[in-house]
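Q:
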Amino acid sequence: MFKIKSLLSDKILLIIILFISLIVNQFSGNRGVFPVDSFAFFDTGYRVLNGEFPFKDFWTVSGAFIDYFQALLFLILGTNWQVYIFHASFINAIFAISTFLLLKELKLSSYNSFFYTVCLSILAYPSSGSPFVDHHSAFLSIIGTYCLIFAYKKEENIFWILIPFIFGFAFLSKQVPSAYFIIFVTFIILLNFFLLKGKKNLKIITLLISSSFSFIILVLFIFFLNKVNINQFLDQYLLYPLSIGDSRFSTYKINFENFFIKYKFVHLVFLPYLVINIKKIINFKKYYQQFNFTVFLIFVFSVITLISHQILTKNQNFIFFLIPLLAALSHIEIKSLSHRLKKILTYLLIGITIFSTIKYHQRFNLERKFHELNYVDFKNVVDAKIIHKKFSGLNWITPNSSDKEKNLKEINNIIKTQAYLKKDKRRKVVISNYAFLSIILNESTKAPNRWYPMDGTGFPLPGNKFFSNYKNFFINILKNNHIEVIFVSKDIEKDIVLNYLNKDCFEQKQTNSYLIEFILNKNCKDLK
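Numbering (the numbering used here) for the sequence shown: 651 to 1178.
1) Find the nearest neighbour of N1173 within the set S777, K850 and D1154, judged by alpha-carbon distance.
2) Roughly how many whole angstroms lie between the Cα atoms of F815 and I744?
3) Between which two residues does the alpha helix (DSSP H) harbouring P755 extend?
4) Following the continuous beta strand (DSSP E) through F1156, name the residue where it begins and the one where it ends.
5) Tell me which residues share the same chain as A721 and place their Cβ nearer than 6 angstroms to its Cβ, disregarding the 5 neighbours each side in the sequence.
6) Counting pairs of Cβ atoms below 8 angstroms between the region 754-762 and the region 702-710, do you hit three or more?
7) Got a sec? Which residues, its chain only, sit under 6 angstroms from L822 by beta carbon, not counting five neighbours each side?
8) Which same chain residues end up closer than 7 angstroms to K877 when comparing Cβ atoms and leaving out the 5 residues on each side of it in sequence?
9) Sort out for me which residues DSSP pairs R681 with in a bridge.
10) Just to confirm before moving on: does the CB-CB distance between S712 and G779 stay below 7 angstroms?
11) Round the Cβ separation of F968 and H786 to the nearest angstrom and send it over; I've been treating them as touching at under 8 angstroms.
12) Just to confirm my understanding: we take F1020, look at its own chain, exclude 5 residues before and 5 after, and list those with CB closer than 7 angstroms. What are they?
13) With DSSP collapsed to three states, give me the class of S1139.
14) If the criterion is Cβ atoms closer than 7 angstroms, does the pair Q772 and G794 meet it?
15) Just reading off the alpha helix (DSSP H) that F941 is part of, what are its end residues?
16) Return the chain-ordered ranges of every beta strand (DSSP E) run that is complete within the region 785-810 and spans a minimum of 3 residues.
17) CB N1083 to CB P781, shorter than 7 angstroms?
18) Measuring alpha carbon to alpha carbon, tell me which residue in D660, P1098, F946 and A977 is nearest F834.
19) Whose C-beta lies closer than 7 angstroms to the C-beta of F652 among residues of the same chain, with five residues either side of it excluded?
20) Which partner residues does W709 have in the DSSP bridge list?
21) When you compare only the Cα positions, how much space is there between L918 and N851?
22) Does the count of Cβ pairs from the region 1155-1174 and the region 1061-1071 closer than 8 angstroms reach three?
23) With distance defined between alpha-carbon atoms, name the residue in I726, L798 and V783 nearest to V755.
24) Assuming M1104 and D1145 are in contact, meaning their beta carbons sit under 8 angstroms apart, how far apart are those beta carbons, in whole angstroms?
25) Measuring only the C-alpha atoms, how far is Q1182 from F1124?
26) Going by DSSP, what residue range makes up the alpha helix (DSSP H) through K930?
27) How would you call R1018, buried or exposed, if buried means at least 16 neighbouring beta carbons within 10 angstroms?
28) Which one or two residues does DSSP pair with E1167 in a beta bridge?
29) Suppose you measure from the CA of S958 to the CA of N1171; what does that come to, to the nearest Å?
30) Quick check on the DSSP output: what are the complete beta strand (DSSP E) runs of length 3 or more inside the region 1059-1092, in order along the chain?
31) If we call anything under 7 angstroms between Cβ atoms a contact, is Y923 one with S980?
32) Rounded to the nearest angstrom, what separates F689 and Q960 at their Cα positions?
33) From K1040 to D717, what distance separates their C-alpha atoms?
34) Grab the span of the alpha helix (DSSP H) containing V698 for me, first residue to last.
35) Kindly indicate which residue of L790, L725 and V1080 has the alpha-carbon position closest to the one of G701.
36) Would you grab the beta carbon distance between F949 and L770 for me? Rounded to a whole angstrom, and I think it's under 8 angstroms.
So, in C-alpha cells, the structure goes:
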C-alpha cells in the first residue's frame, strides 16, 4: 500500500515538474529578444520544413539537429513564436524529469528530489528561453551521462542503445561541450571494461558499437536523401570550427578567479560530495570498482568540462543550473554522516540552493542578462503581434530599445521592411539578424548563414583558410537560386556582401533608412 502511494506521489510530482519547466521557460522566452541569438533557428527551422537543408542551403557551423527538430515541431504544432520557444521548454522539461528520475535512482527522497529538480528547471533553459546551441549541447550531453548511470545501475540494454543517439544529437547541436563529454564517457566505459571483465562487458561494447553505427548510417541516409555533400558537412561542421577553436585556445586562460571565484556556489555545494568520495577512495579497498565511483567520475568530469567550456566560449553564463544538481548529489552523500553535521550541511545546501535560484532567476529570467537585456526597462515592452500575428504573446523589447520611442521605431522599421519586401517580386536574398522574415513573408529569404557575427565565428572572413570555400558557397546560392537582388538590413555590416563579390557584380542602392540593396549584374565573371 505504501509503495502504491509512493508511486502515485512521484507521478504527481513529475507532472508538477513538467508544468513548471514548461511555464517558466515560456515566460522567459516571451520576455524580450536579442535578435542575433533569439531568432537563430526560427527562419532556418521553417526553411528546413520547406525543403532547404543545413550545409547545402545555408552555412552551418552548429545547430543542425536543432533545425530539424524545430522543423518537426513546426510541422506538428504550427509555425509561430510560441511553438518556437516551446522547443526550448520541451528540452527543459526532459532535462528536469530526467534529473528527478536520476536523483530518485540514487536514493534521494521524492520531496528532496522534487525541490532540487524544480530549482534546476528554473535555472536551466529559461536563461535563454529560446533554442540555443550551448544549452542543447550541454543538456543533451548531461542526459547522456544520466543514461550511462542508468545503464550501469539497471543493466538494461535500452540505455546502452540510447547513449550514442543522445550524444550524437548533442554533437549535432554544438560540437562542444558534447565532444568533451563523449571523450570522458568513452574513457569511463573503457575503464570499466578493463576493471570489470566478463561477458556482460563484451555485450555492452557490442551494443554501443551497433548503436553508434546505426546513428551514423541514419545521418548519412538523411544527407543522401537531401543531397547534402559530405564534404560540405566536414568543412562547415568539423574543419572550419576547429580553425576557430585554435585561435580561442591560444588565448584560453584558467585561473583561480575565473574557475573558482566566479562559480563559488557551484564549488561550495559540490565540496561535500567531493570530500566524502575522496575519503571513500582512500578508506575503502577497490572502491574504484563500485557503481558509486563511476557516478563520482561522471560528475567530476561534468563539472570540470562545463566550467572550462564556459570560460573558453566567453559567452554569457548558463551553467548555474549545476548548483541544485550538485547540491542534490551532496545531499545524498551526507546522509551517512553524523547526525549534527548532517543536519547543518543539509540546511546549508538547501539554503545555498534557494538563494542562488532566486538570485540567478532574477538575473537571467527576469532581467534577461543572457540576451543582453539587463539594462532595458521592461515597462517599455510592446506586444509583438503588431509585427505579425505569429509573434502573439511575445513582449517585444531588444537591447537597443532604451525607451518606448526607440522600441516603437524599431518595430515600425520592421513592419515597413516586411511590406517593402512583400511587394518586391524579384528573386532575393535577405540578410538580417532579424531572422524571421521567411516566416512572415511566407517565402525563403535564401539567407546564406544562420547568423552574421563579423568576428569569424559564424563564417570565414578574408584571411581564413576556408574563405574561398565560403565564397564559392555564397556565390553558388546566388547562381542556383537565380538571385536578382541582395537586401542587407542596417544591423549587418555591408562587408557581408563586399567581402565575397567583386564590385562589378552589383549596383549598390539605399532602399530606405533600414535596407541596402545590392542589385546583381549577372554578366559579371563570378555570377556566370
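A virtual CB, placed ideally from N, CA and C, is assigned to each residue, including glycine.
None of the values given here were measured: they were computed from a predicted structure.
A: According to the data block:
1) D1154
2) 15 angstroms
3) For clarity, residue 755 is Glu in the given sequence; the question names Pro instead. Note, E755: alpha helix (DSSP H), W731 to E755.
4) F1156 to Q1160
5) G695, V698 and L699
6) no
7) A714 and F715
8) K706
9) N1045
10) no
11) The pair is not a contact, with the Cβ atoms about 11 angstroms apart (cut-off 8 angstroms).
12) S777, S778, Q966, F968 and F1014
13) strand
14) Looking at the sequence shown, residue 772 is not Gln but Ile. For I772 and G794, no; Cβs fall outside 7 angstroms.
15) F941 to T963
16) none
17) no
18) F946
19) Caution is warranted here: a pLDDT of 43 is assigned to F652, below 50, making its placement in the model unreliable, and no coordinate value can be reported.
20) N1099
21) 36 angstroms
22) yes
23) According to the sequence as given, residue 755 is Glu; it is not Val. Cα-wise, what sits closest to E755 is L798.
24) 6 angstroms
25) Residue coverage of the chain in this structure runs from 651 to 1178, which leaves residue 1182 outside it and unanswerable.
26) K914 to N933
27) buried
28) F1137 and K1159
29) 48 angstroms
30) 1078-1081
31) yes
32) 22 angstroms
33) 19 angstroms
34) F692 to L699
35) L725
36) Actually they are not in contact, since the Cβ atoms of F949 and L770 sit about 14 angstroms apart, beyond 8 angstroms.
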